[in-house]
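Take a look at the structure below.
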Amino acid sequence: MLRSVCGKRLAACSVGSAVSVRRIATSGLRAYQNNQGNVVDGFCGAVGNTPLIRINTLSDETGCDILGKAEFMEPGGSVKDRAALFVVRDAEQKGLLKAGGTVVEGTAGNTGIGLAHICRSRGYRCVIYMPNTQSEEKINLLRMLGAEVYPVPAVPFDNPENYNHQARRHAERLDNAVWTNQFDNVANREAHYQTTGPEIWEQTKEKGLDGFICGTGTGGTLAGTTAYLKEASQNKVQCWLADPPGSVLYSYVTSKGKEMKRTGNGSITEGIGQGRVTDNLKPDVEKLDGALHIEDEASIAMIYRLLDEEGLYIGASSALNVVAAYRMAQKLGKGKRIATIICDGAARYQTRIFSKKWLESKNLYQAIPENLRHYAALP
Ligand SMILES: Cc1ncc(COP(=O)(O)O)c(C=O)c1O
């Protein structure tokens, strides 16, 4: 079976005993060690252990190895499956969620999609609040997965009507319900400390790893992976932030915490960019060695380049990460090995990022190299 040859899959729930609902794992996820067989236990057992893809054209061009963790191969289609699994397990283990309960979350989409899958597989109801700026594809998918979805106006975190606060209040109104609070619930960071970090370390152990870089939404991926890689390498792996326009974290990291200014205006990337340091990012933000601000023009162009040259069909936050890994490679010099995250696939955004009209409305159509514009096949 090809997937098991590639190192797929992490036996997430398979090590636990089924105690209630449909299945609740009682023991922890242990990356790799449990992945001895071809059969995994249900949806949750299929989370993790994604391949690490050498992006050949960019690697050859930079004289480095640019490595993308293929999170679009997660069972729910994104890196957020890991966080979703960990926040649900955390709630179960703390006794906050019992058989037949309800999971409520505020999410730009992918965590909600992971949660909706996990809720179906474990017999919970799923309620999702999300900013109404998110793609129609994600909203529709959530509904098809049986979630109750509330798209609400996108307002800042300090506004009580922000989607996260609405999610918290919804959970408070119900019995046997939990607001999984992905932004500040450190079970999210733990998912990446226990799985993403160890997997990347294991996958690069033969030839080594010099750098890791990715963007942040909740900060869970960057923080947990950085924490693990720093520990495992005795601080040798450089870990950097990749930040989109409109986020404050580039200024925060490059000023070593002295400033928190937005760099640029908003971004077309979804799921990343932050206006604050979340509890997930806080423990590790000082470990970061640098930050790169990536403009939307470069991210859009990379989506099309990776499709044309590598056959990879990836979302905009993933493309931003790959641009960042490319630039980090140029900064670190030839011969280095840089890993990043391919967070999800393009299908979730295709009516936007492959629509000529939409791209033009964002002044991004011209950013696509002329010979690649034919891929913008949607009106
Ligand atoms: C597409 C996409 N990329 C990246 C991220 C950021 O991951 P994290 O929340 O771990 O910082 C998210 C988070 O929702 C996402 O949906």
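So the number in the working numbering is just where the residue sits in the sequence shown, counting from 1, plus 618.
All C-beta atoms, glycine included, are put in the ideal place defined by N, C-alpha and C.
Quantities reported herein were computed from a predicted structural model and do not represent experimental measurements.
Anyone know if the C-beta pair for residue 884 and residue 860 falls short of 8 Å? In the sequence shown, the residue the question calls residue 884 occupies position 266. In the sequence shown, the residue the question calls residue 860 occupies position 242. No.
The beta strand (DSSP E) with residue 911 in it runs from where to where? In the sequence shown, residue 911 corresponds to position 293, counting from 1. Note, residue 911: beta strand (DSSP E), 908-911.
Please name the residue, chosen from 956, 917, 664, 988, that lies closest to residue 971 on a Cα-to-Cα basis. Residue mapping note: residue 971 aligns to position 353 of the sequence shown, counting from 1. The option with the nearest alpha carbon to residue 971 is 917.
Inter-residue spacing [alpha-carbon to alpha-carbon] between residue 965 and residue 700: Working through the sequence shown from its first residue, we reach residue 965 at position 347. Working through the sequence shown from its first residue, we reach residue 700 at position 82. Using only the alpha carbons, I get a separation of about 20 Å.
Uninterrupted alpha helix (DSSP H) stretches inside the segment 841-925 (no shorter than 4 residues): 867-872
Residue 667 beta carbon near ligand 1 (any heavy atom closer than 7 Å): In the sequence shown, counting from the first residue as 1, residue 667 sits at position 49. Not so, every heavy atom of ligand 1 lies at least 7 Å from the Cβ.
Residue range of the unbroken alpha helix (DSSP H) whose run includes residue 781: Locating residue 781 in the sequence shown gives position 163, where the first residue counts as 1. Where residue 781 is concerned, the enclosing alpha helix (DSSP H) stretches over 781-791.
With three or more beta-carbon pairs closer than 8 Å as the criterion, would you say the segment 772-787 touches the segment 896-915? Flag = no, the segment 772-787 and the segment 896-915 do not touch.
Report the rounded CA-to-CA distance for residue 840 versus residue 984, giving the unit in angstroms. The sequence position of residue 840 within the sequence shown is 222, counting from 1. The sequence position of residue 984 within the sequence shown is 366, counting from 1. Using only the alpha carbons, I get a separation of about 31 Å.
At what residues does the alpha helix (DSSP H) containing residue 941 begin and finish? Along the sequence shown, one-based indexing puts residue 941 at 323. From DSSP, the alpha helix (DSSP H) with residue 941 extends over 934-950.
Is residue 973 near ligand 1, judged by its Cβ being under 7 Å from some heavy atom? Here residue 973 refers to the residue found at position 355 of the sequence shown. False, no ligand heavy atom lies under 7 Å from that Cβ.
Report whether the distance from the Cβ of residue 732 to the nearest heavy atom of ligand 1 is below 7 Å. Looking up residue 732 in the sequence shown gives position 114. Checking every heavy atom of ligand 1 against the Cβ of residue 732, none is found closer than 7 Å.
Under 8 Å Cβ to Cβ from residue 757, same chain only, skipping five residues before and after it: list those, please. Mapped onto the sequence shown, residue 757 falls at position 139. Residues of the same chain with a CB within less than 8 Å of the CB of residue 757, apart from the 5 flanking positions on each side, are 727, 748, 767, 769 in chain order.
Identify, in the order they occur along the chain, each residue of the same chain with its Cβ nearer than 7 Å to the Cβ of residue 919, setting aside the five sequence neighbours on each side. In the sequence shown, residue 919 corresponds to position 301, counting from 1. Here the set comprises 985, 986, 987.
For residue 974, report the span of its alpha helix (DSSP H) as first-last. Mapped onto the sequence shown, residue 974 falls at position 356. Unbroken alpha helix (DSSP H) run through residue 974: 974-979.
Determine the contact status of residue 997 and residue 980, defining contact as a CB-CB distance below 8 Å. Locating residue 997 in the sequence shown gives position 379, counting from the first residue. Locating residue 980 in the sequence shown gives position 362, counting from the first residue. Taking 8 Å as the Cβ cut-off, residue 997 and residue 980 do not qualify as a contacting pair.
Quick one: is the Cβ of residue 840 within less than 7 Å of any heavy atom of ligand 2? This structure lacks ligand 2; its bound ligands are ligand 1.
My guess is that residue 888 and residue 752 are in contact by the Cβ rule of under 8 Å, so how many angstroms apart are they, rounded? Looking up residue 888 in the sequence shown gives position 270. Looking up residue 752 in the sequence shown gives position 134. That belief holds up - the Cβ atoms of residue 888 and residue 752 are roughly 6 Å apart, short of 8 Å.
Give me the Cα-Cα distance between residue 864 and residue 995, rounded to the nearest whole angstrom. The residue given as residue 864 occupies position 246 in the sequence shown. The residue given as residue 995 occupies position 377 in the sequence shown. Their backbone Cα atoms lie some 28 Å apart in a straight line.
Whole-angstrom distance between residue 671 and residue 788, CA atom to CA atom: As a working mapping, residue 788 is identified with position 170 in the sequence shown. As a working mapping, residue 671 is identified with position 53 in the sequence shown. Rounded to whole angstroms, residue 788 to residue 671 spans 40 Å at the Cα level.
Which residues in the same chain have their Cβ closer than 6 Å to the Cβ of residue 794, if we skip the five residues on either side of it in sequence? Numbered from its first residue, the sequence shown carries residue 794 at position 176. These residues qualify, in order along the chain: 716, 719.
Could you say which of 697, 676, 847, 674 lies nearest to residue 666 if we only look at CA atoms? In the sequence shown, the residue the question calls residue 666 occupies position 48. It is 697 whose Cα lies nearest to the Cα of residue 666.
Tell me the DSSP secondary structure of residue 795 in three-state form. Sequence index remark: in the sequence shown, residue 795 carries index 177 (1-based). In the structure shown, residue 795 sits in a strand (DSSP, three-state: E or B).
In angstroms with no decimal places, state the Cα-to-Cα distance between residue 743 and residue 737. Counting from one through the sequence shown, the residue named residue 743 turns up at place 125. Counting from one through the sequence shown, the residue named residue 737 turns up at place 119. Using only the alpha carbons, I get a separation of about 6 Å.
Rounded separation between residue 896 and residue 836 - CA only: What you label residue 896 is simply residue 278 of the sequence shown in a count that begins at 1. What you label residue 836 is simply residue 218 of the sequence shown in a count that begins at 1. The alpha-carbon atoms of residue 896 and residue 836 are separated by roughly 7 Å.
Is it buried or exposed, residue 935, if we count other Cβ atoms within 10 angstroms and call 16 or more buried? By one-based count along the sequence shown, residue 935 stands at place 317. The C-beta of residue 935 has 16 or more other C-beta atoms within 10 Å across all chains shown, which makes the residue buried.
Is the beta carbon of residue 928 sitting closer than 8 Å to the one on residue 656? As a position in the sequence shown, residue 928 is number 310, starting the count at 1. As a position in the sequence shown, residue 656 is number 38, starting the count at 1. Going by C-beta atoms, residue 928 is not nearer than 8 Å to residue 656.
For residue 950 versus residue 829, is the C-beta distance shorter than 8 Å? For the purposes of this step, residue 950 is taken as residue 332 along the sequence shown, with counting starting at 1. For the purposes of this step, residue 829 is taken as residue 211 along the sequence shown, with counting starting at 1. In contact: residue 950 and residue 829 (Cβ atoms closer than 8 Å).
Where residue 960 and residue 790 are concerned, what is the direct C-alpha to C-alpha distance, given to the nearest angstrom? For the purposes of this step, residue 960 is taken as the residue at position 342 of the sequence shown. For the purposes of this step, residue 790 is taken as the residue at position 172 of the sequence shown. When rounded, the distance between both Cα atoms is 35 Å.
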